[in-house]
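Chains as they are written, first to last, in UniProt numbering: chain H, 1 to 201; chain G, 1 to 201.
(1) By the DSSP assignment, the alpha helix (DSSP H) with residue 163 of chain G in it spans what residues?
(2) Residue 41 of chain G CB to nearest chain C CB: under 8 angstroms?
(3) What does residue 93 of chain G reach in chain H if we use C-beta pairs closer than 7 angstroms?
(4) Looking at the structure shown, is residue 81 of chain H part of a helix, part of a strand, or coil, going by DSSP?
(5) Straight-line CA distance for residue 174 of chain H to residue 121 of chain G?
(6) Between G:57, G:67, G:106, which lies nearest to residue 184 of chain G when the distance is taken from Cα to Cα?
(7) Could you name the residues of chain H that residue 146 of chain G contacts, counting a contact when the two beta carbons are closer than 7 angstroms?
(8) Which ranges would you report for the alpha helix (DSSP H) in the UniProt domain "Casparian strip membrane protein" (38-186) of chain H if only whole runs of at least 4 residues count?
(9) Given this structure, state the Cα-to-Cα distance separating residue 141 of chain G from residue 143 of chain H, to the nearest angstrom.
(10) In chain G, which residues lie less than 7 angstroms from residue 198 of chain H when you measure between Cβ atoms?
(11) Please tell me whether residue 126 of chain H and residue 195 of chain H are closer than 8 angstroms, where the distance is taken between their beta carbons.
(12) Nearest-angstrom Cα distance between residue 92 of chain H and residue 179 of chain H?
(13) Can you tell me the Cα-Cα spacing of residue 131 of chain G and residue 102 of chain G, whole angstroms?
(14) Please tell me whether residue 51 of chain H has its Cβ less than 8 angstroms away from any Cβ of chain G.
(15) Are the beta-carbon atoms belonging to residue 85 of chain G and residue 146 of chain G less than 8 angstroms from one another?
(16) Quick one: measure Cβ to Cβ for residue 191 of chain G and residue 133 of chain G, integer angstroms, because I've assumed they're closer than 8 angstroms.
(17) Quick check on residue 69 of chain H: buried or exposed, where buried means 16 or more other Cβ atoms within 10 Å of its Cβ?
(18) Chain G beta carbons: is any one of them nearer than 8 angstroms to that of residue 182 of chain H?
(19) With 16 other CB atoms within 10 Å as the buried threshold, where does residue 19 of chain H fall?
(20) 8 angstroms is my cut-off, CB to CB: does residue 228 of chain H come that close to chain G?
(21) Leaving out the 5 sequence neighbours to the left and right, which residues in its chain are closer than 7 angstroms to residue 108 of chain H when beta-carbon positions are compared?
(22) Residues of chain G with a CB under 8 angstroms from the CB of residue 156 of chain H: which are they?
(23) I'd like the list of long-range same chain contacts for residue 212 of chain H, defined as Cβ closer than 7 angstroms, with 5 residues on each side in sequence excluded.
(24) Nearest to residue 63 of chain H by CA position, among H:169, H:182, H:197, H:199, is which residue?
(25) Between the C-alpha atoms of residue 182 of chain G and residue 31 of chain H, what's the straight-line distance to the nearest angstrom?
(26) Our contact map puts residue 139 of chain H next to residue 189 of chain H with C-beta atoms below 8 angstroms; I'd like the distance itself, whole angstroms only.
(27) So residue 199 of chain G and residue 119 of chain H are supposed to be a Cβ contact under 8 angstroms. How far apart are they, rounded?
(28) Identify each residue in the stretch 111-126 of chain G for which the Cβ-Cβ distance to at least one residue of chain H is less than 7 angstroms, and report them in chain order.
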């Protein structure tokens, strides 16, 4: 109801305003709110495109991370790839979902630029962004814990660092984790921006 | 400005309404919006108290997790505690901060019940809740990755499962991770609720 009302006011602004059918806000205040919200929506779109880039980079970097060591025994060849560790498999799946969602949300963000006073799309974005934030953060944090272990090992649990052997692989997965944390920071800004846009009339 | 205006309208509702000093919203619509927002705020307070309980339980369970095995050699006693693993230390610190924030946010939530039309506190809550959500999720996910490793080990990286020896310790840390994920779910609901409360007038 809220949504359709706002749409009506915005579309029929010029004709209805004179007939006194939009008494909630004055025309000037309405235009100012629309300008503010449109500015926020443009910034939202820019951030969203950047976060798509970061999430995609994280997915691809992790998904293509593998290394085969140049020596092998009769029975065994030393090889590391992301799917040796379940956490990294989760990382690739979660970041793929996040990338997909962020790409799909681009048209909704464009709708928010075209119709800045409509609140439905904005509310949809903030809800889905919050869920994506959780998904991305969990993937990034879980992988960061494992990457830390791969670099440093843990003497108490008797887990040895594997990065002395698999240097290229470790650089790859570290890069993917850094990219995913950049995506997390951008999505936090997206949620904050949506909250700011919802606040004003 | 937005905030002070809303306060004035709410406090002086009965006297000013008759003089036509609150032209933005009709009295009935205003009262309905206040009722809706007050309901949301009460639900917010209940969720917040639950999330304090969950976060506190997670912190204490992890912080007190230690186990000494009943056998030892001449040089070595087998002992596990949460600060053997940096991830669990991060977990305890992050969950303590989250618990502290959630306790401090309770008065703000009470203000939102008393003054449902004021938007300042609500916006403050949604911003801080989003940051707390990220902190809690990263602690929960990183610890979950390590707990999985402690239970199952990883043959590719040659990391052995330590839960065969330290059963009590592993039950403790698994419980803490479950409690932290419950806290994460509750904080997601808090953010969603705040967004819903911001949407309506």
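Ideal Cβ positions, reconstructed from N, Cα and C, are used throughout, including at glycine.
So, to answer that:
(1) If you number the second chain from 1, residue 163 of chain G lands on position 163. Unbroken run through residue 163 of chain G: none, as it is neither H nor E.
(2) As a matter of chain content, chain C is missing from the structure shown, whose protein chains are H and G.
(3) Stepping through the second chain from its first residue, residue 93 of chain G is reached at position 93. Contact note: residue 93 of chain G does not reach chain H at a C-beta cutoff of 7 angstroms; the least C-beta distance is about 14 angstroms.
(4) Residue 81 of chain H sits at position 81 when you count from the first residue of the first chain. In the structure shown, residue 81 of chain H sits in a strand (DSSP, three-state: E or B).
(5) Within the first chain, numbered from 1, the residue matching residue 174 of chain H stands at position 174. Within the second chain, numbered from 1, the residue matching residue 121 of chain G stands at position 121. Residue 174 of chain H and residue 121 of chain G: Cα-Cα distance of roughly 39 angstroms.
(6) The count along the second chain starts at 1 and reaches residue 184 of chain G at position 184. Residue G:57 is the option with its Cα nearest to residue 184 of chain G.
(7) Taking the first residue of the second chain as 1, we reach residue 146 of chain G at position 146. Chain H residues near residue 146 of chain G: 145.
(8) If we require 4 residues or more, the alpha helix (DSSP H) runs fully inside the UniProt domain "Casparian strip membrane protein" (38-186) of chain H come out as 86-114, 120-152.
(9) To locate residue 141 of chain G, count along the second chain from 1; it is residue 141. To locate residue 143 of chain H, count along the first chain from 1; it is residue 143. Counting only the Cα atoms, residue 143 of chain H lies some 9 angstroms from residue 141 of chain G.
(10) In the first chain, counting from the first residue as 1, residue 198 of chain H sits at position 198. Within chain G, the residues placing a beta-carbon under 7 angstroms from that of residue 198 of chain H are 195, 198, 199, ordered along the chain.
(11) Numbered from its first residue, the first chain carries residue 126 of chain H at position 126. Numbered from its first residue, the first chain carries residue 195 of chain H at position 195. Result yes, Cβ atoms of residue 126 of chain H and residue 195 of chain H sit closer than 8 angstroms.
(12) The residue given as residue 92 of chain H occupies position 92 in the first chain. The residue given as residue 179 of chain H occupies position 179 in the first chain. When rounded, the distance between both Cα atoms is 12 angstroms.
(13) Here residue 131 of chain G corresponds to residue number 131 of the second chain, with the count starting at 1. Here residue 102 of chain G corresponds to residue number 102 of the second chain, with the count starting at 1. Cα to Cα, the separation comes out at about 12 angstroms.
(14) On the first chain, position 51 is the one that residue 51 of chain H refers to. By this cut-off, residue 51 of chain H is not an interface position.
(15) Within the second chain, the letter at position 85 stands for residue 85 of chain G. Within the second chain, the letter at position 146 stands for residue 146 of chain G. With a cutoff of 8 angstroms on beta-carbon distance, residue 85 of chain G and residue 146 of chain G are scored as near each other.
(16) Counting from 1 along the second chain, the entry for residue 191 of chain G is found at position 191. Counting from 1 along the second chain, the entry for residue 133 of chain G is found at position 133. Confirmed, about 6 angstroms.
(17) For this step, residue 69 of chain H is matched to residue 69 along the first chain. It is exposed - the Cβ of residue 69 of chain H has fewer than 16 other Cβ atoms within 10 Å.
(18) Position 182 of the first chain, counting from 1, holds the residue named residue 182 of chain H. Not a single C-beta of chain G is nearer than 8 angstroms to the C-beta of residue 182 of chain H.
(19) Counting from 1 along the first chain, the entry for residue 19 of chain H is found at position 19. The predicted model places residue 19 of chain H with a pLDDT of 45, which falls under 50 and marks its position as unreliable, so this point remains unresolved.
(20) Residue coverage of chain H in this structure runs from 1 to 201, which leaves residue 228 of chain H outside it and unanswerable.
(21) As a first step, residue 108 of chain H is located in the first chain; it is residue number 108 there, counting from the start. Result list for residue 108 of chain H: 121, 124, 125, in chain order.
(22) Residue 156 of chain H sits at position 156 when you count from the first residue of the first chain. Here the neighbours are 80, 84, 85.
(23) Residue 212 of chain H lies beyond the residue range present for chain H, which begins at 1 and ends at 201; the question has no answer from this structure.
(24) Numbered from its first residue, the first chain carries residue 63 of chain H at position 63. For residue 63 of chain H, the nearest C-alpha among the options comes from H:169.
(25) Position 182 of the second chain, counted from the start, is the residue given in the question as residue 182 of chain G. Position 31 of the first chain, counted from the start, is the residue given in the question as residue 31 of chain H. Spanning the two alpha carbons is a distance of roughly 43 angstroms.
(26) The residue labelled residue 139 of chain H in the question sits at position 139 within the first chain. The residue labelled residue 189 of chain H in the question sits at position 189 within the first chain. 18 angstroms between Cβ atoms; not a contact.
(27) Here the question's residue 199 of chain G lines up with position 199 in the second chain. Here the question's residue 119 of chain H lines up with position 119 in the first chain. Between residue 119 of chain H and residue 199 of chain G the Cβ distance is about 6 angstroms, and since that is below 8 angstroms, they are a contact.
(28) Listed by position along the chain: 119, 123, 126.
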